[in-house]
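Chains as they are written, first to last, in my numbering: chain A, 1 to 131; chain B, 132 to 262; chain C, 263 to 393; chain D, 394 to 524; chain E, 525 to 655; chain F, 656 to 786.
Heads up, the beta-carbon is just placed ideally off N, CA and C, and yes, glycines get one too.
6 protein chains.
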Amino acid sequence: MSAQDPIEYRDACPEVRAVFDDIRRTRQVEDVNNFWKYLARDPTTLKRTWESVNEIMSPGALDAVTKEMVYLAVSVTNGCGYCIASHSAAARKAGMSEEMFGELMAVVGMANETNRLANGYRVPIDAAFER
Amino acid sequence: MSAQDPIEYRDACPEVRAVFDDIRRTRQVEDVNNFWKYLARDPTTLKRTWESVNEIMSPGALDAVTKEMVYLAVSVTNGCGYCIASHSAAARKAGMSEEMFGELMAVVGMANETNRLANGYRVPIDAAFER
Amino acid sequence: MSAQDPIEYRDACPEVRAVFDDIRRTRQVEDVNNFWKYLARDPTTLKRTWESVNEIMSPGALDAVTKEMVYLAVSVTNGCGYCIASHSAAARKAGMSEEMFGELMAVVGMANETNRLANGYRVPIDAAFER
Amino acid sequence: MSAQDPIEYRDACPEVRAVFDDIRRTRQVEDVNNFWKYLARDPTTLKRTWESVNEIMSPGALDAVTKEMVYLAVSVTNGCGYCIASHSAAARKAGMSEEMFGELMAVVGMANETNRLANGYRVPIDAAFER
Amino acid sequence: MSAQDPIEYRDACPEVRAVFDDIRRTRQVEDVNNFWKYLARDPTTLKRTWESVNEIMSPGALDAVTKEMVYLAVSVTNGCGYCIASHSAAARKAGMSEEMFGELMAVVGMANETNRLANGYRVPIDAAFER
Amino acid sequence: MSAQDPIEYRDACPEVRAVFDDIRRTRQVEDVNNFWKYLARDPTTLKRTWESVNEIMSPGALDAVTKEMVYLAVSVTNGCGYCIASHSAAARKAGMSEEMFGELMAVVGMANETNRLANGYRVPIDAAFER
């Protein structure tokens, strides 16, 4: 096993196992995703990232499907292949229909377009939007 | 007036005025934002962009405030100052509370972080996420 | 004068002056832009960057205005305010008309949009495009 | 067939077929690229995107090869694998030689470099470039 | 005071004051930066972000100046004006000399250039780099 | 052999061979990486890029491993798969331990997060950071 391999549960130290157990319990899944198995190479980052994600993605003023769609919008904008795949799945699981996906992509595409039009035309911020 | 100046209604050609009128009617505002006044330097782009934005941002499977929050999430990720200012205002007008804004920013920040962790650890896509 | 101030010709060391002189001669300008005055804080980077820019931006298989428009397209995509301002000016000087600018921005906007649609829909590369 | 599969012509609804027919006629090709088959999952986005791309990419003040090279420059900057593959092919078809490709990449690379030098040195915009 | 104003210590709730006190003590400063005063509008995000930053930026296998330079490299790549300003100052305080800054910017610029050359030439990963 | 194929030493023109020889000598390797074989399609870009990389990456005020880690941080932020693979390997060869890699990724992730928090909260630059 090389230092760059993912960590499976059976090979994990107690600190990593505790995080894996918490993920499995919280998400009610048999096994954690590759993302967590790779992060487990650095137990401190694994623990902090899981705790942050768990705190942030829990439903609050925004519901779960809205949060997952925003996550997907950011991942699509950044072109992160892994994150697009995993958060597409998570958003669908949280209730995103194909119609919602279509509208989400349309907004993401248009925002990326108008962001550049605003840059290129050097549009100054309207007084009404200034603090 | 230089060729790079924004176009005010009083100076606009009929084609631009028609778009400005449609924006004012649809959004029920007195005057259009700077974005449209700068785009008006190219009437073809002005018309196509307004028609696309209007089609995309109308409530459908996603409601107006969700769409504006996604727009804001993309603009924040890209660091477009004008778009952050204008779509913060639009999202608030559509119903985004301060609590919703706080949670939105938390998701956007975390997604930008984990996008890079997935890149850096070179995490392969789980079989379950593959088509 | 702080170490982070731009370097004016009168305060420059001989190595920096030689680069400034070459820029002024090549571009037929009285004074160099701020970009070069700031880079001059690191004479090695100043020299290498100027020589690279000069080699790359000289007309070859692509003419000067095409090269400047591509430079502007990249700067708009990245949202670099300084570079948008300076390369808009350079592209206009090299012959970019307002109509060309309008079409350039339309292409840049659309490319940024479809880049994200391709990401989000996870479109696999057509066999015809593979090597 | 899953909801995330691409839509082939034989399985397409009349609205999608009409767009596919228009693409095939306009581009004089036997079949449309994967990009359009995936977008076809959302016929509204398919139609709007095709009409926008068609309007924007038609020769005008800029010729076809210049537009394709700008599209490629943006796609390379964003790192969109699909778009790099498809617009490399399109640019070559429109007349981009290997020498033009080499110079294009050189400009794109240098622009991405100097964008960051301008950011990092916090270079203020020259008065001459300000509106 | 609007909901979008920064929070000063005198106006802060006990939870925010506790974080501000911890920042001031840890960094030995009189007052916290604007970043923290704006984040204080969402005490949960303020607390989590400060605790994460504090854990991550403490010297470990990498020393403080290296960590600050990496932070600056990322901020320059993303074009975040606030972060470039604040982490330039932090890196200098941690020991970054002008010569180190010059070399850092040179590496950041070159990496941004070659990232795009690798994208544009569609370079496949060498077998030696594959896992 | 297509014009888009990589250039192997045996097929290279003298100008390309001279660069390949210099890379092999400087890095003490049997063969150059794919990156250089693809760039070799444009000998001018190959020569300039190698000379720039060689000048920039040589140890100076920053040592080799710090420079490679900064290169990796930029590549991870941009999501360049090839560059992440090659500069992970280069950084490890220059002395980056797994613990250093873990801390590097943690800083890169956090910087990408707080860059967006600063954007989204529209944090103005502190007077202390202004020039």
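Original post:
Which residues bound the alpha helix (DSSP H) around C:Arg289?
Top reply: Reading the third sequence from its first residue, position 27 is the one you call residue 289 of chain C. Bounds of the alpha helix (DSSP H) holding C:Arg289 are Pro276 to Arg289.
Subject >> Members of the stretch 493 to 506 of chain D near chain G, C-beta cut-off 7 Å >> reply: Here the protein chains are A, B, C, D, E and F, and chain G is not one of them.
Original post:
Counting pairs of Cβ atoms below 8 Å between the stretch 369 to 376 of chain C and the stretch 409 to 420 of chain D, do you hit three or more?
Top reply: No, because fewer than three Cβ pairs between the stretch 369 to 376 of chain C and the stretch 409 to 420 of chain D fall closer than 8 Å, the two stretches do not touch.
**OP:** Kindly indicate if chain D contains any beta-carbon less than 9 Å away from that of A:Gly95.
**Re:** For this step, residue 95 of chain A is matched to residue 95 along the first sequence. Among the CB atoms of chain D, none fall inside 9 Å of the CB of A:Gly95.
Subject >> Three-state secondary structure assigned by DSSP to A:Ser88 >> reply: Working through the first sequence from its first residue, we reach residue 88 of chain A at position 88. If DSSP states are grouped into helix, strand and coil, A:Ser88 belongs with the helices.
**OP:** Could you check how far apart the C-beta atoms of D:Tyr353 and D:Phe413 are, in whole angstroms? I think they sit under 8 Å.
**Re:** What is shown of chain D runs 394 to 524, which leaves residue 353 of chain D out entirely.
Subject >> CA nearest to the CA of C:Val327, picked from C:Val336, C:Arg354 and C:Asn316 >> reply: The sequence position of residue 327 of chain C within the third sequence is 65, counting from 1. It is C:Arg354.
Original post:
Between D:Ala511, D:Met462, D:Asn447 and D:Ala411, which lies nearest to D:Ala499 when the distance is taken from Cα to Cα?
Top reply: Here the question's residue 499 of chain D lines up with position 106 in the fourth sequence. The candidate whose alpha carbon is nearest that of D:Ala499 is D:Met462.
Original post:
Given A:Tyr71, which residues of its chain have a CB within under 6 Å of its CB, disregarding the five upstream and five downstream residues?
Top reply: In the first sequence, counting from the first residue as 1, residue 71 of chain A sits at position 71. Excluding sequence neighbours, A:Tyr71 sits near His87.
Original post:
Of the residues that make up the stretch 46 to 59 of chain A, which ones have a beta carbon closer than 7 Å to any beta carbon in chain E?
Top reply: Taking 7 Å as the Cβ-Cβ cut-off against chain E, the residues of the stretch 46 to 59 of chain A that qualify are Arg48, Ser52 and Glu55.
Subject >> Distance between A:Cys80 and F:Gly734 (C-alpha atoms, nearest Å) >> reply: The residue labelled residue 734 of chain F in the question sits at position 79 within the sixth sequence. The residue labelled residue 80 of chain A in the question sits at position 80 within the first sequence. Going from the Cα of F:Gly734 to the Cα of A:Cys80 covers about 7 Å.
Original post:
Of all Cβ atoms in chain F, is any one closer than 9 Å to the Cβ of C:Ser306?
Top reply: Within the third sequence, numbered from 1, the residue matching residue 306 of chain C stands at position 44. Contrary to the premise, residue 306 of chain C reads as Thr rather than Ser in this sequence. Judged by the 9 Å Cβ criterion, C:Thr306 is in contact with chain F.
Subject >> Contact with chain B by A:Ala91, beta-carbon distance below 9 Å >> reply: In the first sequence, residue 91 of chain A corresponds to position 91, counting from 1. No Cβ of chain B is located within less than 9 Å of the beta carbon of A:Ala91.
Subject >> Through-space distance from E:Pro538 to D:Thr470, alpha-carbon basis >> reply: Locating residue 470 of chain D in the fourth sequence gives position 77, counting from the first residue. Locating residue 538 of chain E in the fifth sequence gives position 14, counting from the first residue. Straight through space, the alpha carbons of E:Pro538 and D:Thr470 are spaced by roughly 46 Å.
**OP:** Report the neighbours of E:Cys604 on chain B: residues whose CB is nearer than 9 Å to its CB, in chain order.
**Re:** The sequence position of residue 604 of chain E within the fifth sequence is 80, counting from 1. Those are Gly210, listed as they occur along chain B.
Original post:
What's the call for B:Glu234, buried or exposed, on a 16-neighbour Cβ count within 10 Å?
Top reply: Translated into the one-based positions of the second sequence, residue 234 of chain B becomes position 103. The Cβ neighbour count for B:Glu234, taken over all protein chains shown within 10 Å, is at least 16; the residue is labelled buried.
Original post:
At least one CB of chain A closer than 9 Å to the CB of D:Arg509: is that the case?
Top reply: For the purposes of this step, residue 509 of chain D is taken as residue 116 along the fourth sequence, with counting starting at 1. Not an interface residue.
Original post:
Is the beta carbon of E:Leu641 within less than 8 Å of some heavy atom of the ligand SAH?
Top reply: This structure does not include the ligand SAH; it has no bound ligands of any sort.
Original post:
If we cut at 9 Å on Cβ distances, does C:Cys275 have a partner in chain D?
Top reply: As a first step, residue 275 of chain C is located in the third sequence; it is residue number 13 there, counting from the start. At least 9 Å separates the CB of C:Cys275 from every CB of chain D.
Subject >> Start-to-end residues for the alpha helix (DSSP H) that takes in D:Ala511 >> reply: As a position in the fourth sequence, residue 511 of chain D is number 118, starting the count at 1. Per DSSP, D:Ala511 belongs to the alpha helix (DSSP H) from Glu491 to Gly513.
Original post:
Can you check whether the CB of A:Arg41 is closer than 9 Å to the CB of A:Ala3?
Top reply: Residue numbering aside, residue 3 of chain A sits at position 3 when the first sequence is read from its first letter. Residue numbering aside, residue 41 of chain A sits at position 41 when the first sequence is read from its first letter. Result yes, Cβ atoms of A:Ala3 and A:Arg41 sit closer than 9 Å.
**OP:** Counting only the same chain and skipping the five closest in sequence on each side, list residues whose C-beta sits under 7 Å from that of C:Ile269.
**Re:** Start at 1 with the first residue of the third sequence, and residue 269 of chain C comes out as number 7. So the list reads Val278, Lys299, Ala302 and Arg303, once near-sequence residues are dropped.
Original post:
Nearest-angstrom Cα distance between C:Ile318 and D:Ala454?
Top reply: Taking the first residue of the third sequence as position 1, residue 318 of chain C is located at position 56. Taking the first residue of the fourth sequence as position 1, residue 454 of chain D is located at position 61. Approximately 24 Å, taken between the alpha carbons.
Subject >> Spatial distance of E:Tyr533 from F:Ile780 (CA atoms) >> reply: To locate residue 533 of chain E, count along the fifth sequence from 1; it is residue 9. To locate residue 780 of chain F, count along the sixth sequence from 1; it is residue 125. E:Tyr533 and F:Ile780 have their C-alpha atoms roughly 18 Å apart.
Original post:
Would D:Val501 pass as a contact of D:Ala466 if the rule is Cβ separation under 9 Å?
Top reply: Indexing the fourth sequence from 1 puts residue 501 of chain D at position 108. Indexing the fourth sequence from 1 puts residue 466 of chain D at position 73. Yes. Within cutoff.
Subject >> Buried/exposed call for F:Asn774, threshold 16 Cβ in 10 Å >> reply: Within the sixth sequence, numbered from 1, the residue matching residue 774 of chain F stands at position 119. Under a 10 Å Cβ-count criterion, F:Asn774 is classified as buried, with 16 or more other Cβ atoms of the shown protein chains found around its own Cβ.
Original post:
Quick one: is D:Pro452 buried, meaning 16 or more other Cβ sit within 10 Å of its Cβ, or exposed?
Top reply: One-based indexing of the fourth sequence puts residue 452 of chain D at position 59. By the 10 Å Cβ count, D:Pro452 comes out exposed.
**OP:** List the residues of chain C that E:Glu622 touches, going by C-beta distances under 9 Å, in chain order.
**Re:** Along the fifth sequence, read from residue 1 onward, the residue named residue 622 of chain E stands at position 98. Here the neighbours are Ala265, Gln266, Arg303 and Asp304.
Original post:
Between the beta-carbon of A:Ser52 and the beta-carbon of E:Ser576, is there less than 9 Å?
Top reply: Position 52 of the first sequence holds residue 52 of chain A. Position 52 of the fifth sequence holds residue 576 of chain E. Cβ distance < 9 Å, so A:Ser52 and E:Ser576 count as in contact.
**OP:** Reducing DSSP to helix, strand and coil, say where A:Asn34 ends up.
**Re:** Numbered from its first residue, the first sequence carries residue 34 of chain A at position 34. Three-state result, A:Asn34: helix.
**OP:** List the endpoints of the continuous alpha helix (DSSP H) containing F:Ala658.
**Re:** On the sixth sequence, position 3 is the one that residue 658 of chain F refers to. Following the DSSP letters along the chain, one finds F:Ala658 in no alpha helix (DSSP H), marked with neither H nor E.
Subject >> Candidates E:Arg646, E:Ala542 and E:Ala613: closest to D:Tyr514 by CA position >> reply: Indexing the fourth sequence from 1 puts residue 514 of chain D at position 121. Nearest C-alpha to D:Tyr514: E:Ala613.
**OP:** With DSSP collapsed to three states, give me the class of C:Val385.
**Re:** Counted from its first residue, the third sequence places residue 385 of chain C at position 123. Judged by DSSP in its simplified three-state form, C:Val385 adopts coil rather than helix or strand.
**OP:** Would you mind giving the Cβ-Cβ distance between D:Thr437 and C:Leu379, rounded to the nearest angstrom? I have them listed as a contact below 8 Å.
**Re:** Taking the fourth sequence and counting its residues from 1, the one referred to as residue 437 of chain D is at position 44. Taking the third sequence and counting its residues from 1, the one referred to as residue 379 of chain C is at position 117. About 13 Å separates the CB atoms of D:Thr437 and C:Leu379; that is not less than 8 Å, and the two are not in contact.
**OP:** Give me the Cα-Cα distance between C:Ala356 and D:Ala520, rounded to the nearest whole angstrom.
**Re:** Position 94 of the third sequence, counted from the start, is the residue given in the question as residue 356 of chain C. Position 127 of the fourth sequence, counted from the start, is the residue given in the question as residue 520 of chain D. If you take the alpha carbons of C:Ala356 and D:Ala520, they lie about 20 Å apart.
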